[in-house]
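**Q**
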Amino acid sequence: MSANSTLEHILEEILEVLKPRHEELATRAQVINELRRVVESVPSLRGAAVESYGSFVSNLFTKWGDVDISINLTKGGYISHVEYDRKIKLLGELKKYLIDQWQMVRLIPARVPILKCESSHNIFSCDISIDNLICQIKSKLLLWISEIDGRFRDMVLLVKEWAKAHEINDATSMGGTFNSYSLTLLVIFHFQTCEPAIFPPLKDIYAGNVTDDLQGLRTERNIAEACAANIRRFRQDKSRRVNHSSLSEIFISFLAKFSDKEFEASKLGICTYSGKCESRRRWSDNSDAILIEDPFDQKENSARAVSMSGLTRISEAFEMSRVISEDQNLDSLLATLVRPQVSQEIRARHNQGQHSGDTGTSSVLVGGLLLGGLAAGTLGYMYAPELSKVAGDLRRKFFDDSYDDSDKWCANSTLEPILEEILKVLKPKQEDLATRAQVINELRRVVESVQSLRGAAVEPFGSFVSNLFTKWSDVDISINLSKEGGYISYVESDRKQRLLVDLQNPLSGQWQKVRLIPAKVPILKCESSHKIFSCDISIDNFKGQMKSKLFLWISEIDGRFRDMILLVKEWAKAHDINDPNSGTINSYSLSLLVIFHFQTCEPAIFPPLKDIYAGNVADDLQGLRTVAERNIAEACAANIKRFRKNIFRRVNHSSLSELFISFLAKFSNIGDKASEQGICTKTGEWVCRRSNKRWSLKTDPILIEDPFEQPENSAKAVRISGLTRISEAFENSHRRLSSADQNQDSLLVTLVRSQVSREIRARLSNPVSYSGGYQPHLTRPHVHRNVNLQAETQNKFQNLRLESNSNNPTLTETVNMYGKFEASESKKQNQFQNSRLESRSYNPSMTEIVQAQSQGQHSGDAGKSSLSFGGLLLGGLVAGLGYMYAPEINKAADGLKKFFDNSDDDSE
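Under our numbering, read the sequence shown as residues 15 to 922, first letter to last.
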């Protein structure tokens, strides 16, 4: 069948999953009744009416949609506007009563104060406000508008789900994307501007400004009757042309209309009141990233929460999704249109042969609101009658008590194999390394063309050097003015900025999104032509380079550390808390949290970092660079060797899933604890902020001391609001992962972003093409690698990455050996790199490469990557020191090749 018929069928399947059934309506009615009982018990709220609004009232909600509640202090009386402070006080009093019965109760002092909480059902949350009369009438207006054409409700549900799948439906995040109301207005605007139009301008439905007209006795009858008459007139107009487009055609044209090629948000505002785009000059305050006028409160921009970075993500989502017009593949279409949980349900329906039709179009009486039907919507809910009788009848009539929970399984046996699958997707493969090497070489050529930078060395650092990067990770680059081996000198910030500006111009012609960030450490941020990752370029960032190597060496103490870092970074991105620019935590601080967890778990996996390097690295980076770095490296090598050979230390046998859950538990109360205590990986303990002289004057919301640059706070970018989100992410995730009622879908939603989830599903649905062998199905427990080893073999686990043999040099030996590397011709170097890229389908760690060369092995973890790129030997303690002096590519590559060629062959 054609592309459109394929898409049409899939959209119908998606709607069958999204639309709420009777039990979902019953659950919401039950929750509203529970809330009514609590409100009645609060003395200051006794007699107030509890009324729902939002998507639940406008019948534009999915079965996962939250419920908006307004506690109205006057029942049907005169409309009065309660002062902001009083609303905060009343919600604060309600919070005390809710906190014992409901979960995640928190007060958000926003422009409209909200008490956010989660009911005992754990399916959806409730947003509670006081006297939110404006939003209540808006909800009814959207319900009445939806009666003009049945495709509108379907489009709103599909667009909301698509937006959630692309993570652009979260106005509360610091990244600033769309709220659901703005998305709904975009659909209305599309229905007004398609050809022929499906909806009229909203001024033809209600000519006034609803916010201004909500005055006097609260009956809302005037607004309702005007809308009813105008909608009837529009629908009965025989002269208007009828739009016969299918749902798939409307959806495709919707994506096209708002893609970055078609719509310029900086110049135009979207006005559903007039049904057309208008110049932003019309609005007095037009500085927001995008302007979508609220048609019922015309002074307001419904999309004011959208940030510039959020708008970029929104535009990219629209543009990227346009491919569905040509796509006939079920997997790729679902990946573009829905979140993993919806995709899973659709597949389950197909497997079980369920094709029940549209379950969401029937009218159901909930709280006096007849969902569906203009007359019922207009008048039935207007006076907000009691819910108790309706809810009870609804439960008795519709609720299906048959529930099969036979698929519940043990959280740990479920979580462990899923974490392993996530790591297979996250860990970079050889093509990811090759791409980064190519980008670094491209940058080296550009730098060489800049007069003021000629002769400077281009050296990567950060997660790429510490081998803690995923295939999507950015690359950090330091342009070192004094070539390798010279004296360390610190360039003034002003000069660094001037040099980066010199580089910015030639880069702009070849690279994309090149911009200078004048931070404490000036950064030139840019995106290469590959568009997979970006590069952060700085000048003489010796501290950052040294810290990267220290992380590499620390990671060799225990192989679980790298895995935990990759998992934690991905989890943080999934919860939108890994963005220091928006006030949350940077990746360096997340890595320190994992180190701290490894230091404070029982028994400890890592020592205090002062036992690895006692000095302050930032202070010790002085004089001749080779000497300073060699001193640090040799000290670390001796101390790590001493720690690992300590036969008296207890060994931690925890599985990765156990470590991950305990990590979430440890920091679940970080929001409360951070004001009193700081995290010190140097000593491996919590430290009282007031009693510590280094920290006593610091006022940052959270303090994670940089162990290599004391007393710097690595998390100084975290704001109060960001700390709240971080704490909530830890708490929510710990609660969900600790629950026995978990499955593959719910775990993936908690652990990873949608793109990672899609790759995992693709791997599982087609295991042979990804791994050449069988992949276990994750919906059932299976036997996985046992990490609870016997005491006599305890060191094998922690020493897995550095298992010793006669051809495995120590850190110090590697330093000495590296000095013996000889230079070779550039041609030989390229041949060596190319042969490595083409010869195998995986990239073992540097330690494993040494072992493999001596033992004749050719297998390993596809993600333990290590290649010589620009003199960088990735993975393994050997690699960390091999790159320490950043030699030229040909010298390192040829030297390593000779080292391999001369290795003894003692294969088993």
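Where is the CB? At the ideal position from N, CA and C, for every residue including glycine.
Note that the structure is a prediction, hence the values are computed from the model and not measured.
Grab me the residues of I619's own chain with a C-beta within less than 6 Å of its C-beta, minus the 5 sequence neighbours each way, in chain order.
**A** These residues qualify, in order along the chain: D572, F612, N666.
**Q** Quick check: R777 and E435, are their CB atoms within less than 8 Å of each other?
**A** Their beta carbons are under 8 Å apart, which means R777 touches E435 by this criterion.
**Q** Going by Cα to Cα distance, which pick from D593, E132, F310, L231 is closest to Y220?
**A** For the residues D593, E132, F310, L231, the minimum Cα distance to Y220 belongs to F310.
**Q** Taking DSSP as the reference, what is the three-state secondary structure of L29?
**A** Helix.
**Q** Which of helix, strand or coil does DSSP assign to F722?
**A** Correct three-state label for F722: coil.
**Q** For E445, decide whether its Cβ has a neighbour in chain C, counting only Cβ atoms nearer than 8 Å.
**A** Checking the listed chains, one finds no chain C in this structure; it contains a single protein chain.
**Q** So, at 6 Å on beta carbons, what are the nonlocal neighbours of E132 in its own chain, with the 5 sequence-adjacent residues on each side left out?
**A** So the qualifying residues of the chain are Q117, M118, S139.
**Q** Give a yes or no on contact between the stretch 479-499 and the stretch 555-570, applying the rule of three or more CB pairs nearer than 8 Å.
**A** Output reads yes: the stretch 555-570 touches the stretch 479-499.
**Q** Would you give the residue range spanned by the alpha helix (DSSP H) that V505 belongs to?
**A** Here V505 belongs to no alpha helix (DSSP H), and DSSP marks it neither H nor E.
**Q** Going by DSSP, which residues form a beta bridge with A743?
**A** Bridge partners of A743: none, in fact.
**Q** For H204, count neighbouring Cβ atoms within 10 angstroms of its own Cβ and tell me buried if that reaches 16, exposed if not.
**A** Classification of H204: buried, given that the 10 Å Cβ count is 16 or more.
**Q** Taking the straight line between their C-alpha atoms, what separation do you get for R658 and N555?
**A** Looking at the two C-alpha atoms, the distance is approximately 31 Å.
**Q** Between K583 and T449, is the Cβ-Cβ spacing less than 8 Å?
**A** It is not a contact, given that the beta carbons lie outside the stated cut-off.
**Q** Given C549, which residues of its chain have a CB within under 6 Å of its CB, disregarding the five upstream and five downstream residues?
**A** Cβ within range, chain order: V489, I491, C540.
**Q** Can you tell me which residues form a DSSP beta bridge with L530?
**A** Bridge partners of L530: L538.
**Q** How would you call L301, buried or exposed, if buried means at least 16 neighbouring beta carbons within 10 angstroms?
**A** Inspection of the sequence shows that residue 301 is occupied by Ser rather than by Leu. Counting Cβ neighbours within 10 Å, S301 comes out exposed, since fewer than 16 surround it.
**Q** Could I get the ranges of all uninterrupted alpha helix (DSSP H) runs contained in the stretch 245-315, with 4 residues as the minimum, in chain order?
**A** DSSP runs (the alpha helix (DSSP H)) wholly in the stretch 245-315: 261-271.
**Q** Using the Cα positions of R704 and S160, report the straight-line distance between them to the nearest angstrom.
**A** Approximately 58 Å, taken between the alpha carbons.
**Q** Counting C-beta neighbours from all protein chains within 10 Å, is the total for Y98 16 or more, i.e. buried, or is it exposed?
**A** Result: exposed.
**Q** Please tell me whether F248 and I162 are closer than 8 Å, where the distance is taken between their beta carbons.
**A** It is a contact, given that the beta carbons lie within the stated cut-off.
**Q** Touching or not, the stretch 469-476 and the stretch 430-444, by the rule of three or more beta carbon pairs under 8 Å?
**A** Judged by Cβ distances under 8 Å, the stretch 469-476 makes no contact with the stretch 430-444, as fewer than three pairs qualify.
**Q** By the three-class DSSP mapping on this structure, what secondary structure does A177 have?
**A** Helix, per DSSP.
**Q** Pick from S552, S503, K510: whose alpha carbon is nearest that of P474?
**A** The option with the nearest alpha carbon to P474 is S552.
**Q** For L121, which residues does DSSP report across the bridge?
**A** Answer is L129, bridged to L121.
**Q** State the CB to CB distance for the pair A179 and L351, rounded to an integer number of angstroms; the pair is presumed to be in contact (CB under 8 Å).
**A** A179 to L351, Cβ: 7 Å. Contact.
**Q** Which one of V641, I137, E314 has the shortest CA to CA distance from P34?
**A** Comparing Cα positions, the closest option is I137.
**Q** Starting from the C-beta of S55, find all residues in its chain whose C-beta is less than 8 Å away, skip the five residues before and the five after it, and write them out in chain order.
**A** These residues qualify, in order along the chain: Y111.
**Q** Is D490 helix, strand or coil by DSSP?
**A** It is a strand residue.
**Q** At the level of alpha carbons, what is the spacing between G324 and H258?
**A** So the alpha carbons of these two residues sit roughly 34 Å apart.
**Q** Between the stretch 593-609 and the stretch 687-698, do three or more beta carbon pairs fall short of 8 Å?
**A** Taking 8 Å as the limit for Cβ pairs, the verdict is that the stretch 687-698 does touch the stretch 593-609.
**Q** I'd like the list of long-range same chain contacts for R708, defined as Cβ closer than 7 Å, with 5 residues on each side in sequence excluded.
**A** If we look at R708 and ignore the five residues flanking it on each side, its Cβ neighbours are Q724, P725.
**Q** Following the continuous beta strand (DSSP E) through F475, name the residue where it begins and the one where it ends.
**A** Here the beta strand (DSSP E) through F475 covers 471-475.
**Q** Restricting to runs no shorter than 3 residues, where is the beta strand (DSSP E) found entirely within the stretch 645-708?
**A** Counting whole runs of 3 or more residues, the stretch 645-708 contains the beta strand (DSSP E) stretches 691-694, 699-702.
**Q** Which residue marks the beginning of the alpha helix (DSSP H) containing S603, and which one marks its end?
**A** Where S603 is concerned, the enclosing alpha helix (DSSP H) stretches over 601-614.
**Q** Skipping 5 residues on each side, what residues in its chain have a beta carbon closer than 7 Å to that of L792?
**A** Below a pLDDT of 50, predicted positions are generally treated as unreliable, and L792, at 36, falls in that range; the measurement from the model is reported next regardless. Excluding positions up to five away in sequence, the list reads P431, I432, E435, Q758, L778.
**Q** Can you find at least 3 beta carbon pairs, one from the stretch 758-772 and one from the stretch 615-632, that sit closer than 8 Å?
**A** No, they do not touch.
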